[in-house]
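What follows is one structure encoded as structure tokens, with my remarks underneath.
In our numbering, the protein residues as written are 4 to 474.
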């Protein structure tokens with residue numbers, strides 16, 4: 004069958020298969036921790052200031068809009084993950100619902116997203132860690148703390164090192180790394196809860212006036228509530244990493260929905276509470292341009308010790324974002340390799356039930372990016388990849404509801420047509436709120452990906468070789 008008509012059969016996907024498999028070691032608490040660990044990171048620690056600068060106190064509405072779109076995407080993920088509990092996330096769902104060529108574009112976009120997120124967060128962690136180590140008396144030379152794009156720089160060694168540490172945890176086993184992740188997530192949540200508790204007694208309602216100084220805004224407009232929502236949206240994504248763990252979940256028909264929806268609810272409530280407390284405690288203009296707005300607000304309230312603890316929590320707990328996305332990236336590679344769209348050797352599973360080859364390969368790629376590349380512009384490409392994946396999941400939800408209405412669904416998204424529609428329209432709107440350069444580079448990345456697909460992957464996929472029944 005021609006590649007544009009190939010589509011995976013859900014029944015064939017769920018059929019028992021021989022060969023090494025990932026171990027089912029995760030339950031819903033692990034999945035919620037994985038999701039919260041991926042979502043709560045540099046976004047809430049830094050983007051709250053950027054968002055407040057664009058929208059003023061109305062950034063609270065921005066959080067709500069971004070949360071709404073992500074919640075709809077999360078509901079779509081929850082339903083599809085219980086229908087297809089296999090590694091691959093949005094890539095796998097697109098393969099069954101939309102076909103191989105669409106699945107390739109989504110998978111290629113996810114590779115971009117996860118790689119750049121891991122690299123960017125590693126560089127961000129290095130920015131916290133280097134001063135922290137200096138305070139302990141360990142001063143690293145400039146050549147070893149920044150890449151060659153900075154004068155005197157050679158390699159960002161701390162960023163490479165933290166990726167190595169997280170990779171080691173993943174190689175130990177999924178359950179072991181998930182347990183440590185859960186502990187570190189609690190540290191992160193405790194720091195944010197402490198911020199809210201300290202800031203609320205200093206709440207001043209006058210800081211909310213004027214509430215919407217830059218208006219509501221619209222696509223292609225770089226200020227206002229919508230512009231802030233387009234940026235703050237990226238503080239929410241990460242729950243999709245849960246879907247990549249479907250094959251390793253003990254009871255996917257129950258635990259995946261709890262993990263995906265639960266982590267989104269926890270983070271949305273936490274984000275709005277932190278934003279409200281921050282604005283109530285200090286005028287927006289005082290922290291809008293700060294790279295560390297929460298710590299700045301604490302120092303402004305005379306809480307220097309609390310500011311130090313928040314910074315320390317970031318250094319200790321930010322690796323949970325790396326763990327979640329590095330975990331997800333390796334599972335995306337695994338799913339594509341199993342389907343023959345990438346070299347099959349990447350699908351090798353170790354005795355500990357870990358995709359060792361693909362995990363190490365992924366770590367090397369992202370470590371090189373983190374060590375030598377300038378990521379301030381490239382990191383926004385990760386956001387474009389996320390929007391592509393979320394939009395594809397919304398489309399897949401609607402397509403499968405129409406095409407296979409009688410298929411058993413352990414979890415059903417309420418008002419599926421509305422949920423899918425909001426996810427699709429919201430992602431398109433946010434995509435066109437990105438910089439034109441980001442949209443252009445995203446197009447180039449996918450044109451390159453399509454060339455790879457047409458030259459190699461379309462001829463080597465399992466469906467092309469007739470190794471699996473098509474839907």
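Virtual Cβ for every residue (Gly too), placed ideally from N, Cα, C.
Residues of its chain near residue i, where Cβ-Cβ distance is below 6 Å and the 5 sequence neighbours each way are ignored
| i | result |
| --- | --- |
| residue 361 | 333, 336, 337 and 349 |
| residue 467 | none |
| residue 216 | 59 |
| residue 56 | 291 |
| residue 92 | 243, 246 and 247 |
| residue 504 | Summary: the structure shown does not reach residue 504, with the chain confined to residues 4 through 474, and so no result is reported for it. |
| residue 219 | 227 and 228 |
| residue 188 | 36, 39, 40 and 323 |
| residue 351 | 360 |
| residue 414 | 81, 82, 85 and 260 |
| residue 475 | With the chain running from 4 to 474 in the structure shown, residue 475 is simply not present. |
N-terminal and C-terminal residue of the alpha helix (DSSP H) that residue i is part of
| i | result |
| --- | --- |
| residue 348 | It is not in any alpha helix (DSSP H) - residue 348 carries neither H nor E in the DSSP assignment. |
| residue 258 | 255 to 284 |
| residue 134 | 103 to 138 |
| residue 212 | No alpha helix (DSSP H) holds residue 212; DSSP gives it neither H nor E. |
| residue 88 | Neither: residue 88 is in no alpha helix (DSSP H) and is coded neither H nor E. |
| residue 339 | 322 to 341 |
| residue 96 | 93 to 100 |
| residue 296 | 296 to 303 |
| residue 449 | 439 to 455 |
| residue 290 | 287 to 290 |
| residue 375 | 359 to 375 |
| residue 57 | 51 to 58 |
| residue 228 | 228 to 235 |
| residue 245 | 243 to 246 |
Spatial neighbours of residue i in its chain, beta-carbon cut-off 7 Å, leaving aside the 5 residues before and after
| i | result |
| --- | --- |
| residue 472 | The predicted model places residue 472 with a pLDDT of 49, which falls under 50 and marks its position as unreliable, so this point remains unresolved. |
| residue 373 | 122, 125, 126, 159, 162, 163 and 166 |
| residue 111 | 449 and 452 |
| residue 404 | 419 |
| residue 368 | 118 |
| residue 390 | 430, 433 and 434 |
| residue 365 | 329, 332, 333 and 336 |
| residue 190 | 316, 319 and 320 |
| residue 146 | 155, 156 and 157 |
| residue 272 | none |
For residue i, the residue or residues it bridges with in DSSP
| i | result |
| --- | --- |
| residue 252 | 29 |
Own chain residues within Cβ distance below 8 Å of residue i, not counting five before or after
| i | result |
| --- | --- |
| residue 327 | 37, 38, 40, 41, 184, 241 and 244 |
| residue 148 | 129, 133, 156, 159, 160 and 161 |
| residue 279 | 63 |
(message) Using a Cβ distance threshold of 8 Å, determine whether the segment 83 to 95 contacts the segment 241 to 252, with at least three qualifying pairs required.
(response) yes
(request) Determine contact between the segment 337 to 347 and the segment 455 to 463, defined as no fewer than three beta-carbon pairs at a distance below 8 Å. (result) yes
(message) Please give me, in chain order, every unbroken run of the alpha helix (DSSP H) with length at least 4 that falls completely inside the segment 378 to 418.
(response) 382 to 406
(request) Report the residue ranges of all alpha helix (DSSP H) runs contained in full by the segment 137 to 187; include only those spanning at least 4 residues, in chain order. (result) 160 to 175
(message) For the pair the segment 66 to 82 and the segment 294 to 304, tell me if three or more CB-CB distances fall below 8 Å.
(response) no
(message) Tell me whether the segment 274 to 290 and the segment 190 to 204 touch, counting them as touching only if at least three CB pairs, one residue from each stretch, are closer than 8 Å.
(response) yes
(message) Would you call the segment 423 to 431 in contact with the segment 383 to 398, where contact means no fewer than 3 C-beta pairs closer than 8 Å?
(response) yes
(request) Count the C-beta pairs between the segment 429 to 444 and the segment 310 to 325 that are closer than 8 Å, then say yes if the count reaches three, no if not. (result) no
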